[in-house]
Structures are given as structure tokens and as C-alpha cells.
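Note that the protein sequences, when read in sequence, are chains R and Y. To convert, note that position 72 of the first sequence is 54 in our numbering; the numbers rise steadily by one, no gaps. To convert, note that position 46 of the second sequence is 28 in our numbering; the numbers rise steadily by one, no gaps. Idealized CB from N, CA, C, for every residue including glycine. Being a predicted model, the structure only gives us computed values, none of them experimental.
2 protein chains.
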Amino acid sequence: MTKVKIYVTLRESVLDPQGSAVQGSLAKMGYNEVEDVRIGKYLEVVIGDTDRDLDVLVKEMCEKLLANTVIEDYRYEVEEAN
Amino acid sequence: MTKVKIYVTLRESVLDPQGSAVQGSLAKMGYNEVEDVRIGKYLEVVIGDTDRDLDVLVKEMCEKLLANTVIEDYRYEVEEAN
């Protein structure tokens, strides 16, 4: 069994209205030091034993479902299988 | 200027309907190896120069706004300031 940590973030060139809204709220709360906020998705996916190549599997799942590759980037880390 | 990476995740004891929905979709797409999916938020926060203690600042922002500490946990990593 393997745990894969996946990070899906908006591309740098894409505006992040949600991040801007959070930054605005933080400023109203007095946290004016905050200069930028970008918000993305963090997924923990547990994958059982499989014959398939893990990298191919994870890339496929990201590109078909978990990330919108037109506006999002993804990266992932594989935790030690246990 | 410092970049802080913040991970907000549902507590283990809390049901994750969004994660279950994604797992179901992955299974329909043929990814039956996937045994569990948990979805959280990943934030990148850029903090300008400040006199305030960074840990205190980040914890306050998480506990007041970024995480719902009743059902969510948070952790963060500070990237080298540049």
C-alpha cells in the first residue's frame, strides 16, 4: 500500500480570486504583512498493490480527473509503501 | 519576504464526502487500486518583513481564518526567506 501526496495549484499566470479574497480578509484582521495568498488542492491518495507503474498511474489520474491542466499544475510525492 | 506553505486537512475522524466522490469517479475510470482519497487545502502565503514572530503569526492566521479547527488540522512549512 502506498500513500501519494498530490498538490494541485493554479498556474502562476492564472488569477486566484479565492486567494485574493483570503488575503483581503487577513488584511482586515490586521495581517497586513501578507503580500500574496495562493490556494490549491492537497490530496492524499492511498493506492493498493498493483502491477501498474505508479508514476504512470498517478500522472494519468491527475491529468484525467484531479487537475485541470489548462489552468492548473500538479506535483506529487510518494510516501514509503507500508 | 518569506513563503509559508500551509496544509489544511480534515481530521482523521471526520468523513470526507468529497474524497469519497473522487474515489468513486476514479474507480469508474478503472483505477480500482485506489483505496482511499482525502482532499484538503494547500495554501502558499507570502509574508513581507515583519517584527512579529512568524510562528505566532501563521498559527493565528490558521486558527482564526484558514482552518476550521473543529474539524480540520493544519501544518505548515516555512521556505527560506529571500
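Would you mind reading off the limits of the alpha helix (DSSP H) that contains residue i?
{"i": "Leu25 (chain Y)", "result": "Run containing Leu25 (chain Y): none in the alpha helix (DSSP H); it sits in the beta strand (DSSP E), 16 to 29."}
{"i": "Leu36 (chain Y)", "result": "36 to 43"}
Does DSSP put residue i in a helix, in a strand, or in coil?
{"i": "Leu8 (chain R)", "result": "helix"}
{"i": "Asp55 (chain R)", "result": "strand"}
Over what stretch of residues does the beta strand (DSSP E) that includes residue i continue unbroken?
{"i": "Val(-4) (chain R)", "result": "Element bounds for Val(-4) (chain R): n/a, residue is neither H nor E."}
{"i": "Leu(-8) (chain Y)", "result": "-16 to -8"}
Going by alpha carbons, who is nearest to residue i out of the options?
{"i": "Leu70 (chain R)", "options": "R:Leu25, R:Tyr58, R:Tyr(-11)", "result": "The shown model of chain R, from -17 to 64, leaves out residue 70 (chain R), and the question about it has no answer."}
{"i": "Asn14 (chain R)", "options": "Y:Ala9, Y:Lys10, Y:Arg20, Y:Asp31", "result": "Y:Asp31"}
{"i": "Val(-4) (chain Y)", "options": "Y:Leu25, Y:Tyr24, Y:Val19, Y:Asp33", "result": "Y:Val19"}
{"i": "Gly22 (chain Y)", "options": "Y:Arg(-7), Y:Met(-17), Y:Glu61", "result": "Y:Arg(-7)"}
{"i": "Tyr24 (chain R)", "options": "R:Asp(-2), R:Thr(-9), R:Met(-17)", "result": "R:Thr(-9)"}
{"i": "Met11 (chain Y)", "options": "R:Asp33, R:Glu45, R:Asp(-2)", "result": "R:Glu45"}
{"i": "Leu8 (chain Y)", "options": "R:Tyr56, R:Val40, R:Ala9", "result": "R:Val40"}
{"i": "Val38 (chain Y)", "options": "Y:Val60, Y:Glu54, Y:Ile53", "result": "Y:Val60"}
{"i": "Met(-17) (chain R)", "options": "R:Gln0, R:Arg34, R:Asp(-2), R:Asp55", "result": "R:Arg34"}
State the CB to CB distance for the pair residue i and residue j, rounded to an integer number of angstroms; the pair is presumed to be in contact (CB under 8 Å).
{"i": "Ile29 (chain R)", "j": "Val16 (chain Y)", "result": "6 Å"}
{"i": "Lys(-15) (chain Y)", "j": "Glu26 (chain Y)", "result": "6 Å"}
When the Cβ atoms of the region 36 to 49 of chain R are set against those of the region -4 to 13 of chain R, are three or more pairs found closer than 8 Å? Taking 8 Å as the limit for Cβ pairs, the verdict is that the region -4 to 13 of chain R does not touch the region 36 to 49 of chain R.
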